[in-house]
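Undergrad: Sharing a structure, written as structure tokens. Questions coming.
2 protein chains.
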Amino acid sequence: MKLTIRKDELNDAIQHVSKATSPRPTIPILGGIKFDATHQGVTLTASDADISIQSFIPVEDGDLVIAKVDKPGSVVLPSKFFVEIVKKLPSDEIEIEVREHHQTMIRSGSSDIQMLGLDPEEFPVLPTIEESESITVPGDLLKSMIRQTVFAASTSEQTPILTGVLWNLHEGELKFVSTDRHRLASRVAPVDCDPSYRFSNIVISGKTLVELSRLVPDENCKVDIVVADNQVLFKMNQVLFYSRILDGTYPDTSKIIPKEFQTELVLHTKKLMDAIDRAYLMSREEKTNIVRLATQDDGLIEISSSSTELGRVTEHLEVKQLTGEPLRIAFNSKYMLDALKVIDSEYLFIGFRGAMSPIIIKPTDHDNSLHLILPYRTTG
Amino acid sequence: MKLTIRKDELNDAIQHVSKATSPRPTIPILGGIKFDATHQGVTLTASDADISIQSFIPVEDGDLVIAKVDKPGSVVLPSKFFVEIVKKLPSDEIEIEVREHHQTMIRSGSSDIQMLGLDPEEFPVLPTIEESESITVPGDLLKSMIRQTVFAASTSEQTPILTGVLWNLHEGELKFVSTDRHRLASRVAPVDCDPSYRFSNIVISGKTLVELSRLVPDENCKVDIVVADNQVLFKMNQVLFYSRILDGTYPDTSKIIPKEFQTELVLHTKKLMDAIDRAYLMSREEKTNIVRLATQDDGLIEISSSSTELGRVTEHLEVKQLTGEPLRIAFNSKYMLDALKVIDSEYLFIGFRGAMSPIIIKPTDHDNSLHLILPYRTTG
Numbered sequence: 010m011k012l013t014i015r016k017d018e019l020n021d022a023i024q025h026v027s028k029a030t031s032p033r034p035t036i037p038i039l040g041g042i043k044f045d046a047t048h049q050g051v052t053l054t055a056s057d058a059d060i061s062i063q064s065f066i067p068v069e070d071g072d073l074v075i076a077k078v079d080k081p082g083s084v085v086l087p088s089k090f091f092v093e094i095v096k097k098l099p100s101d102e103i104e105i106e107v108r109e110h111h112q113t114m115i116r117s118g119s120s121d122i123q124m125l126g127l128d129p130e131e132f133p134v135l136p137t138i139e140e141s142e143s144i145t146v147p148g149d150l151l152k153s154m155i156r157q158t159v160f161a162a163s164t165s166e167q168t169p170i171l172t173g174v175l176w177n178l179h180e181g182e183l184k185f186v187s188t189d190r191h192r193l194a195s196r197v198a199p200v201d202c203d204p205s206y207r208f209s210n211i212v213i214s215g216k217t218l219v220e221l222s223r224l225v226p227d228e229n230c231k232v233d234i235v236v237a238d239n240q241v242l243f244k245m246n247q248v249l250f251y252s253r254i255l256d257g258t259y260p261d262t263s264k265i266i267p268k269e270f271q272t273e274l275v276l277h278t279k280k281l282m283d284a285i286d287r288a289y290l291m292s293r294e295e296k297t298n299i300v301r302l303a304t305q306d307d308g309l310i311e312i313s314s315s316s317t318e319l320g321r322v323t324e325h326l327e328v329k330q331l332t333g334e335p336l337r338i339a340f341n342s343k344y345m346l347d348a349l350k351v352i353d354s355e356y357l358f359i360g361f362r363g364a365m366s367p368i369i370i371k372p373t374d375h376d377n378s379l380h381l382i383l384p385y386r387t388t389g
Numbered sequence: 010m011k012l013t014i015r016k017d018e019l020n021d022a023i024q025h026v027s028k029a030t031s032p033r034p035t036i037p038i039l040g041g042i043k044f045d046a047t048h049q050g051v052t053l054t055a056s057d058a059d060i061s062i063q064s065f066i067p068v069e070d071g072d073l074v075i076a077k078v079d080k081p082g083s084v085v086l087p088s089k090f091f092v093e094i095v096k097k098l099p100s101d102e103i104e105i106e107v108r109e110h111h112q113t114m115i116r117s118g119s120s121d122i123q124m125l126g127l128d129p130e131e132f133p134v135l136p137t138i139e140e141s142e143s144i145t146v147p148g149d150l151l152k153s154m155i156r157q158t159v160f161a162a163s164t165s166e167q168t169p170i171l172t173g174v175l176w177n178l179h180e181g182e183l184k185f186v187s188t189d190r191h192r193l194a195s196r197v198a199p200v201d202c203d204p205s206y207r208f209s210n211i212v213i214s215g216k217t218l219v220e221l222s223r224l225v226p227d228e229n230c231k232v233d234i235v236v237a238d239n240q241v242l243f244k245m246n247q248v249l250f251y252s253r254i255l256d257g258t259y260p261d262t263s264k265i266i267p268k269e270f271q272t273e274l275v276l277h278t279k280k281l282m283d284a285i286d287r288a289y290l291m292s293r294e295e296k297t298n299i300v301r302l303a304t305q306d307d308g309l310i311e312i313s314s315s316s317t318e319l320g321r322v323t324e325h326l327e328v329k330q331l332t333g334e335p336l337r338i339a340f341n342s343k344y345m346l347d348a349l350k351v352i353d354s355e356y357l358f359i360g361f362r363g364a365m366s367p368i369i370i371k372p373t374d375h376d377n378s379l380h381l382i383l384p385y386r387t388t389g
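Put into structure tokens, the structure is as follows:
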């Protein structure tokens, strides 16, 4: 392999794929980035147990010559050092030449780097995915759907399936659900696909979705998603992102979501969030994060928390709408804040069925998301 | 104590003094901020074993009413929670009222906070400093003097005196020196003071100087410095900063600095830094940070490093001036980078007395700073 390539484009591609290299690889080859150079361009691939990322750099982009491949070929280069050195090279052009035993010479301006490359034949093969059906989602929509659900996924490996986000597709609507048994977040959106196409119980690791989210460009961009037996492939511009599907059956959460409430509140999202944030600061000192919410006779609600060592925070909040019975309830304020932060509606609805039943939080502008938090059973 | 105060000014003062509260105080009172309210203004004080910071908020600043003190008095409030809650309070004005047993009510808009205050009589008394003599240093100069020396102070508590920076004043020149036995940094500058005033062996903790540096405003500001028996007081606008002087005698470093060299180089600071930075990336993989520098027959110098697992980086650099004997030397590239980063001159001078003697690095534009690095004794 012998080629000359522009530093900026190589650096971008490396930054993309390096997200899939293991920081502490079980075998050295998994700590590397694979280069495949042809006369069409250079393909970079990195892979760990859960995800694989591939980025293609074409030799030309319009009038701009990005790479010149003198001799096609392949090599695997250790990722950590390579990722850092490329952006620091002195010239805008980088020459890469692979010699015997995968020994690789990298030249740029006054820098000469000799790297001990690894055998590309030993690099794991990417999963084969048959592209029968696919769905297409705007990049920014996919990013918000991830942001609005992934925080509620479990971080405990005791129940691996709950560390993922559940994806279901039904009648052209894609639905994400996540829960850690204490709270639940869900988000639904229409997507571009064959209306008869459907899937269920596709569970993708929360961590993987956060990585994917970072790779999706902020500008207008469409993501094509192909769901196969045990892999999902995300296609964006020149980048392919493969994720493993988590094994197991996701619990049925539809039955725990109450539809009718004893008390219903409509509140200003930002004001509620700020009040709970202040109460959270005090509750955090007690490690429990317990904050109490109570309706008052004057139509306000009171939000409060206390700490034996520090004191007490009491907040009063106006209510836009209050129907049903008086209420006193306690909950984990951190969970409540997580949900409030992703609600993109000026006012929100909170429904309660009593001090022991799940709390439901929804935007008032639309019906595309729902949050559930289990209350604390407290005395007094 | 009862007062009303503007949130922004209170928040600024709290941010200043809270740097001196211990995150894990040995006694609870040291985790607090002391409030002293008079009809002139509010004084905030925080203190740990090494430093004390005091900030004064006047009741008025020109036409602007900042505080209204209804009832003078004092209280100590736990810092950690207080620091975070103040900036999150809903109104621009905050009312603070101390009741029996130091119980403190804080009201702002719809927020009511009750804090368990502590007895101000138990708060440590600030050191008394007689202001016989003082020196005056522009804030930005003091900040650069700290930045250009503090990195070379030791981080090991085995020799506590070396964790400090040595200050000497002689004939109106203030000199900072720091060393961790492997490298040394020094910086000298003329300061505003009585030319007959002098002091020596004043050693101030490097960590303390970094904290001080953060407090010095970026805009035009003068810092008055008063050196007493075992304390130094820094006075800036409304902020007083007290630092303990480290016990012990700082080693005499003047004799280890060579004045004559076998090889002298003048190099472009930025180009040398970039080349060593690339070599450092490879050397870091070996944990030793060893980088080699060698003069070549063609007038260039070669900078190189190698790792048994990764390969080798070789850099060639033009020399602006080279006099003396050919040279091969190895050094800790991290130490070299630390020194190069703070040299504010386009070209620098490096002097060598051979592979075993200290390396001297100086700016070429002026004579106010000097860096020394001990070489590695390597084979080959």
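Residue numbers (the working numbering), protein chains in the order written: chain A, 10 to 389; chain B, 10 to 389.
Glycine included, C-beta positions come from ideal geometry on N, C-alpha and C.
Remember, it's a predicted structure, so these values are computed and weren't measured experimentally.
(1) Starting from the C-beta of residue 217(A), find all residues in its chain whose C-beta is less than 7 Å away, skip the five residues before and the five after it, and write them out in chain order.
(2) Residue 85(A) versus chain B: which residues are under 9 Å apart at the beta carbon?
(3) Hey, quick one: how far does the beta strand (DSSP E) through residue 61(B) stretch, first residue to last?
(4) With distance defined between alpha-carbon atoms, name the residue in 76(A), 82(A) and 113(A) nearest to residue 102(A).
(5) Please report the distance separating the alpha-carbon of residue 230(A) from that of residue 250(A).
(6) Leaving out five residues before and five after residue 1(B) in sequence, what residues of the same chain have Cβ atoms less than 8 Å from its Cβ?
(7) Kindly list the residues whose CB is nearer than 7 Å to the CB of residue 225(B), restricted to its own chain and excluding five residues on each side of it in sequence; keep chain order.
(8) Where does residue 93(A) sit, in a helix, a strand or coil, going by DSSP?
(9) Buried or exposed: residue 192(B), going by 16 or more other Cβ atoms within 10 Å of its Cβ?
(10) Exposed or buried, which one is residue 386(A) when buried takes at least 16 other CB atoms within 10 Å?
(11) Applying the criterion that 16 or more other CB atoms from any shown protein chain within 10 Å of the CB defines a buried residue, is residue 268(B) buried or exposed?
(12) What is the rounded straight-line gap between the Cα of residue 372(B) and the Cα of residue 189(A)?
(13) Where do the N-terminal and C-terminal ends of the alpha helix (DSSP H) with residue 153(B) fall, by residue?
(14) If you measure from the beta carbon of residue 121(A) to each beta carbon in chain D, is any gap under 7 Å?
(15) Contact between the region 284 to 302 of chain A and the region 340 to 353 of chain A is defined here as three or more beta-carbon pairs at a separation below 8 Å; is this criterion met?
(16) Considering only heavy atoms of the ligand COA, does any lie closer than 6 Å to the CB of residue 298(A)?
(17) Decide if residue 380(B) is buried, meaning its Cβ has at least 16 other Cβ atoms within 10 Å, or exposed.
(18) Would you please verify whether the beta carbon of residue 328(A) is less than 7 Å from any beta carbon of chain B?
(19) Using a threshold of 7 Å, state whether the C-beta atoms of residue 275(B) and residue 356(B) are closer than that.
(20) Using a Cβ-Cβ cut-off of 7 Å (strictly less than) and excluding sequence neighbours within five positions of residue 94(A), which residues of its own chain qualify?
(21) Give, in chain order, every residue of the region 65 to 95 of chain A whose Cβ lies closer than 7 Å to some Cβ of chain B.
(22) Using beta-carbon positions only, say whether residue 364(A) and residue 382(A) come within less than 7 Å of one another.
(23) Beta-carbon within less than 6 Å of residue 144(A)'s beta-carbon, same chain only, minus the 5 sequence neighbours each way: which residues are those?
(24) May I have the straight-line CA-CA distance separating residue 336(B) from residue 272(B), to the nearest angstrom?
(25) Reducing DSSP to helix, strand and coil, say where residue 330(A) ends up.
(26) Whose Cβ in chain B lies nearer than 8 Å to the Cβ of residue 124(A)?
(27) If the cut is a Cβ gap below 7 Å, which residues of chain B does residue 323(A) touch?
(28) Check whether the Cβ of residue 290(B) lies closer than 7 Å to any Cβ atom in chain A.
(29) Which residues does DSSP pair with residue 177(A) in a beta bridge?
(30) Tell me, please, whether the CB atom of residue 287(B) is closer than 7 Å to any CB atom in chain A?
(31) Would you tell me roughly how many angstroms separate the C-alpha atoms of residue 112(A) and residue 29(A), rounded to the nearest one?
(32) Does the contact criterion of 3 or more C-beta pairs under 8 Å hold for the region 257 to 266 of chain A versus the region 160 to 180 of chain A?
(33) Where does the unbroken beta strand (DSSP E) through residue 219(A) begin, and where does it stop?
(34) By the 7 Å beta-carbon criterion, what residues does the region 97 to 117 of chain B contribute toward chain A?
(35) With H, G and I counted as helix, E and B as strand and the rest as coil, what does DSSP make of residue 348(B)?
(36) Quick one: Cα of residue 323(B) to Cα of residue 311(B), how far?
TA: Quick answer:
(1) Excluding sequence positions up to five before and after residue 217(A), its CB lies within less than 7 Å of the CB of 59, 60 and 252, all in the same chain and listed in chain order.
(2) By Cβ distance, chain B contributes nothing, its closest Cβ being about 13 Å from residue 85(A), past 9 Å.
(3) In this chain, the beta strand (DSSP E) harbouring residue 61(B) covers 60 to 67.
(4) Ranking 76(A), 82(A) and 113(A) by Cα distance to residue 102(A) puts 76(A) first.
(5) Distance between the alpha carbons of residue 230(A) and residue 250(A) is about 15 Å.
(6) It is not possible to answer for residue 1(B), since the shown part of chain B is limited to 10 through 389.
(7) So the qualifying residues of the chain are 148, 151, 152, 232 and 245.
(8) Here DSSP, grouped into helix, strand and coil, assigns residue 93(A) to helix.
(9) Buried: at least 16 other Cβ atoms inside 10 Å.
(10) So residue 386(A) ends up on the exposed side.
(11) With a 10 Å radius around the Cβ and a threshold of 16 neighbouring Cβ atoms, residue 268(B) comes out exposed.
(12) Their backbone Cα atoms lie some 59 Å apart in a straight line.
(13) Judged by DSSP secondary structure, residue 153(B) falls within the alpha helix (DSSP H) whose first and last residues are 148 to 156.
(14) Annotation note: the requested chain D is absent from the structure, which comprises protein chains A and B.
(15) Because the criterion of three Cβ pairs below 8 Å is met, the region 284 to 302 of chain A and the region 340 to 353 of chain A touch.
(16) Ligands in the displayed structure: none, and consequently the ligand COA is not present.
(17) Taking all protein chains shown into account, residue 380(B) has 16 or more neighbouring C-beta atoms within 10 Å of its C-beta and is therefore buried.
(18) It does not: the Cβ of residue 328(A) has no partner Cβ on chain B nearer than 7 Å.
(19) Inclusion of residue 275(B) and residue 356(B) in the CB contact set at 7 Å is warranted, their separation being smaller than that value.
(20) The answer, listed in chain order, is 122.
(21) Flagged, chain order: 87, 90, 93 and 94.
(22) Result no, Cβ atoms of residue 364(A) and residue 382(A) do not sit closer than 7 Å.
(23) Cβ-Cβ distances below 6 Å link residue 144(A) to 200, 202 and 234 in the same chain, with the five nearest sequence neighbours on each side left out; the list follows chain order.
(24) About 7 Å.
(25) Residue 330(A) sits in a strand when the DSSP states are folded into three classes.
(26) Residues of chain B with a Cβ closer than 8 Å to the Cβ of residue 124(A) are, in chain order, 319 and 320.
(27) Simply 121.
(28) At least one chain A Cβ lies under 7 Å of residue 290(B).
(29) Residue pairing by DSSP places residue 177(A) opposite 184(A) in a beta bridge.
(30) At a cut-off of 7 Å between C-beta atoms, residue 287(B) counts as an interface residue with respect to chain A.
(31) Residue 112(A) and residue 29(A) have their alpha carbons spaced roughly 23 Å apart.
(32) Touching, per the Cβ criterion.
(33) For residue 219(A), there is no enclosing beta strand (DSSP E); the enclosing alpha helix (DSSP H) covers residues 215 to 224.
(34) If the cut-off is 7 Å between Cβ atoms, the region 97 to 117 of chain B has 97 and 99 near chain A.
(35) Helix at residue 348(B).
(36) Going from the Cα of residue 323(B) to the Cα of residue 311(B) covers about 7 Å.
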